[in-house]
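Read through the structure below, which is laid out as C-alpha coordinates, and then see the notes.
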Amino acid sequence: MWWHARHILIDIDRQTLGLYQGARRLGEYRVSTGLKGVGELNGSGCTPRGLHRVRIRIGEGCPLGTVFRGRRATGEVYDSVLAAAHPGRDWILTRILWLTGCESGRNRGGAVDTLRRFIYIHGCPDTEPMGIPCSHGCIRMRGPELIELFDGTPVGTHVLLLGSDASPDRTSDPRARSD
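Below, the structure is given as C-alpha coordinates:
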(Lines of atoms letter the chains of each structure in order from A and count residues from 1; the text may use other names and numbers.)
(Lines give C-alpha, C1' and ligand atoms only; values in the text may rest on other atoms or scores of the structure.)
Protein backbone atom coordinates (compact mmCIF):
# COMPACT_ATOMS: atom_id res chain seq x y z
CA MET A 1 0.00 0.00 0.00
CA TRP A 2 1.12 3.55 -0.73
CA TRP A 3 1.30 4.59 2.93
CA HIS A 4 4.11 2.08 3.54
CA ALA A 5 6.32 3.94 1.05
CA ARG A 6 7.57 7.53 1.00
CA HIS A 7 4.63 9.93 0.94
CA ILE A 8 3.59 13.48 1.78
CA LEU A 9 0.76 14.41 4.13
CA ILE A 10 -0.57 17.98 3.94
CA ASP A 11 -2.80 19.05 6.82
CA ILE A 12 -4.66 22.06 5.44
CA ASP A 13 -6.27 22.88 8.79
CA ARG A 14 -2.88 23.00 10.56
CA GLN A 15 -1.05 24.45 7.52
CA THR A 16 1.67 21.79 7.71
CA LEU A 17 3.31 19.40 5.28
CA GLY A 18 4.92 16.19 6.50
CA LEU A 19 7.27 13.94 4.55
CA TYR A 20 7.01 10.31 5.66
CA GLN A 21 8.70 6.99 5.01
CA GLY A 22 5.94 4.63 6.10
CA ALA A 23 4.94 5.75 9.60
CA ARG A 24 8.27 7.52 10.24
CA ARG A 25 8.14 11.29 9.79
CA LEU A 26 11.25 12.53 7.97
CA GLY A 27 10.36 16.21 8.12
CA GLU A 28 7.57 18.66 8.83
CA TYR A 29 7.21 22.14 7.35
CA ARG A 30 4.88 25.13 7.73
CA VAL A 31 3.04 25.89 4.49
CA SER A 32 0.43 28.26 3.12
CA THR A 33 -2.57 26.85 1.25
CA GLY A 34 -5.56 28.45 -0.48
CA LEU A 35 -6.96 31.65 0.98
CA LYS A 36 -10.42 30.54 -0.16
CA GLY A 37 -10.22 27.29 1.80
CA VAL A 38 -10.64 23.76 0.51
CA GLY A 39 -12.36 22.70 -2.68
CA GLU A 40 -11.78 20.94 -5.93
CA LEU A 41 -13.60 22.97 -8.59
CA ASN A 42 -11.65 24.55 -11.41
CA GLY A 43 -11.37 28.31 -10.92
CA SER A 44 -12.27 28.14 -7.22
CA GLY A 45 -8.89 29.27 -5.87
CA CYS A 46 -9.22 26.52 -3.27
CA THR A 47 -6.75 23.84 -2.26
CA PRO A 48 -7.93 20.37 -3.34
CA ARG A 49 -8.29 17.46 -0.95
CA GLY A 50 -7.77 13.76 -1.31
CA LEU A 51 -5.10 11.46 -2.67
CA HIS A 52 -2.72 12.82 -5.30
CA ARG A 53 0.66 11.96 -6.81
CA VAL A 54 3.60 14.07 -7.87
CA ARG A 55 3.23 14.05 -11.66
CA ILE A 56 6.08 16.36 -12.69
CA ARG A 57 9.15 17.78 -10.90
CA ILE A 58 10.41 21.10 -12.25
CA GLY A 59 13.52 23.09 -11.35
CA GLU A 60 16.08 20.49 -10.31
CA GLY A 61 19.49 22.16 -10.02
CA CYS A 62 18.12 25.71 -10.33
CA PRO A 63 19.37 28.33 -7.86
CA LEU A 64 17.36 29.19 -4.77
CA GLY A 65 14.83 31.88 -5.74
CA THR A 66 14.64 30.94 -9.44
CA VAL A 67 11.52 32.56 -10.93
CA PHE A 68 9.10 30.36 -12.89
CA ARG A 69 6.36 31.56 -15.26
CA GLY A 70 4.27 28.98 -17.06
CA ARG A 71 6.42 26.29 -15.40
CA ARG A 72 9.56 27.55 -17.13
CA ALA A 73 12.52 29.23 -15.47
CA THR A 74 12.68 32.85 -16.63
CA GLY A 75 16.41 33.21 -15.98
CA GLU A 76 15.65 35.59 -13.10
CA VAL A 77 16.36 35.07 -9.42
CA TYR A 78 13.89 36.68 -7.03
CA ASP A 79 15.08 39.75 -5.10
CA SER A 80 13.58 42.97 -3.75
CA VAL A 81 14.26 44.88 -6.99
CA LEU A 82 12.38 42.30 -9.06
CA ALA A 83 9.56 42.25 -6.49
CA ALA A 84 9.24 46.05 -6.67
CA ALA A 85 9.11 45.90 -10.48
CA HIS A 86 6.22 43.38 -10.39
CA PRO A 87 3.98 44.20 -7.42
CA GLY A 88 1.11 41.81 -6.88
CA ARG A 89 2.63 38.95 -8.86
CA ASP A 90 1.97 35.48 -7.47
CA TRP A 91 5.61 34.36 -7.32
CA ILE A 92 6.42 30.72 -8.09
CA LEU A 93 10.00 30.19 -7.00
CA THR A 94 12.81 27.65 -6.61
CA ARG A 95 11.06 24.33 -7.46
CA ILE A 96 7.68 22.98 -8.55
CA LEU A 97 6.09 19.66 -7.62
CA TRP A 98 3.05 19.47 -9.92
CA LEU A 99 0.24 17.34 -8.51
CA THR A 100 -2.27 15.09 -10.23
CA GLY A 101 -5.38 13.69 -8.57
CA CYS A 102 -5.88 9.96 -8.02
CA GLU A 103 -9.62 9.98 -7.29
CA SER A 104 -11.82 10.11 -10.38
CA GLY A 105 -14.67 12.59 -9.90
CA ARG A 106 -13.14 14.06 -6.74
CA ASN A 107 -9.79 15.50 -7.87
CA ARG A 108 -9.27 13.88 -11.27
CA GLY A 109 -11.18 14.54 -14.48
CA GLY A 110 -13.83 17.04 -15.52
CA ALA A 111 -14.19 20.27 -13.53
CA VAL A 112 -12.23 18.92 -10.53
CA ASP A 113 -8.94 17.92 -12.20
CA THR A 114 -6.01 18.96 -9.99
CA LEU A 115 -3.46 18.65 -12.81
CA ARG A 116 -5.50 20.90 -15.13
CA ARG A 117 -5.93 23.37 -12.26
CA PHE A 118 -2.13 23.71 -12.11
CA ILE A 119 -1.94 22.89 -8.41
CA TYR A 120 1.69 22.77 -7.24
CA ILE A 121 3.83 22.59 -4.18
CA HIS A 122 6.13 25.54 -4.91
CA GLY A 123 8.41 28.09 -3.34
CA CYS A 124 7.45 31.66 -2.50
CA PRO A 125 9.20 34.82 -1.26
CA ASP A 126 10.31 34.93 2.37
CA THR A 127 8.00 37.94 2.78
CA GLU A 128 4.95 35.67 2.35
CA PRO A 129 3.60 34.28 5.62
CA MET A 130 3.59 30.58 6.40
CA GLY A 131 1.06 28.92 8.67
CA ILE A 132 -1.93 30.86 7.34
CA PRO A 133 -3.87 30.37 4.10
CA CYS A 134 -2.78 32.99 1.53
CA SER A 135 -2.30 31.18 -1.80
CA HIS A 136 -4.47 30.89 -4.89
CA GLY A 137 -4.90 27.14 -4.20
CA CYS A 138 -1.32 25.87 -4.39
CA ILE A 139 0.80 24.80 -1.45
CA ARG A 140 3.52 27.40 -0.78
CA MET A 141 6.77 26.67 1.03
CA ARG A 142 10.03 28.40 1.92
CA GLY A 143 12.70 27.85 -0.73
CA PRO A 144 15.33 26.00 1.33
CA GLU A 145 12.68 23.67 2.79
CA LEU A 146 11.23 23.05 -0.67
CA ILE A 147 14.66 22.05 -2.01
CA GLU A 148 14.97 19.55 0.86
CA LEU A 149 11.50 18.16 0.11
CA PHE A 150 12.06 18.14 -3.66
CA ASP A 151 15.34 16.24 -3.37
CA GLY A 152 13.58 13.46 -1.45
CA THR A 153 10.42 13.31 -3.57
CA PRO A 154 10.48 11.33 -6.82
CA VAL A 155 7.78 11.43 -9.49
CA GLY A 156 4.93 9.16 -8.40
CA THR A 157 5.18 10.01 -4.70
CA HIS A 158 1.72 9.99 -3.12
CA VAL A 159 0.47 13.23 -1.59
CA LEU A 160 -2.56 13.16 0.71
CA LEU A 161 -4.25 16.52 1.33
CA LEU A 162 -6.57 16.57 4.33
CA GLY A 163 -8.76 19.48 5.34
CA SER A 164 -12.16 20.21 6.79
CA ASP A 165 -14.87 22.28 5.17
CA ALA A 166 -14.80 24.63 8.15
CA SER A 167 -13.28 27.90 7.00
CA PRO A 168 -11.48 29.91 9.66
CA ASP A 169 -11.92 33.68 9.59
CA ARG A 170 -9.24 34.76 7.14
CA THR A 171 -10.24 38.42 7.13
CA SER A 172 -8.75 39.18 10.55
CA ASP A 173 -5.15 38.71 9.37
CA PRO A 174 -4.00 41.73 7.32
CA ARG A 175 -1.43 39.56 5.51
CA ALA A 176 -4.20 37.44 4.02
CA ARG A 177 -5.06 39.09 0.73
CA SER A 178 -7.84 38.30 -1.69
CA ASP A 179 -7.23 36.79 -5.09
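In this text, residue positions in the sequence shown follow my numbering: the first is 38, and each later residue adds one.
Virtual Cβ for every residue (Gly too), placed ideally from N, Cα, C.
task = Work out the CA separation of PRO170 and THR53 for me, nearest whole Å.
result = CA-to-CA, the gap between THR53 and PRO170 works out to about 11 Å.
request  = Look at the alpha carbon of ARG61 and the alpha carbon of LEU130, and state the distance between them as a whole number of angstroms.
outcome  = Taking the straight line joining both Cα atoms gives about 29 Å.
ILE47, DSSP secondary structure in three states = Three-state DSSP puts ILE47 in a strand.
ask   = Going by DSSP, what residues sit across from VAL91 in a beta bridge?
value = Per DSSP, LEU136.
ask   = If we ignore side chains and look at the alpha-carbon of each, how far apart do ARG86 and GLY98 end up?
value = The alpha-carbon atoms of ARG86 and GLY98 are separated by roughly 30 Å.
key: Alpha carbon of ASP127 to alpha carbon of SER172, nearest angstrom   = Rounded to the nearest angstrom, the two C-alpha atoms are 8 Å apart.
query = Using the rule of at least 16 other Cβ atoms within 10 Å of the residue's Cβ for burial, across every protein chain shown, is ASN144 buried or exposed?
reply = The residue in question, ASN144, is buried, as its Cβ has 16 or more Cβ neighbours within 10 Å.
task = Note down, in chain order, each residue of its chain lying with its Cβ closer than 6 Å to the Cβ of ARG212, except the 5 sequence neighbours on either side.
result = Summary for ARG212: the model assigns pLDDT 39, below 50, so the residue's position carries little reliability, and this model does not support an answer.
task = Could you tell me which of TRP39, ARG153, TYR57, GLU140 sits nearest to GLY107, measuring between CA atoms?
result = Closest option to GLY107, Cα to Cα, is ARG153.
request  = Would you list the residues sitting across from GLU65 in a DSSP beta bridge?
outcome  = As a beta-bridge residue in DSSP terms, GLU65 pairs with GLY55.
query = Buried or exposed: where does GLY168 fall if 16 or more other Cβ atoms within 10 Å of its Cβ makes it buried?
reply = Result: exposed.
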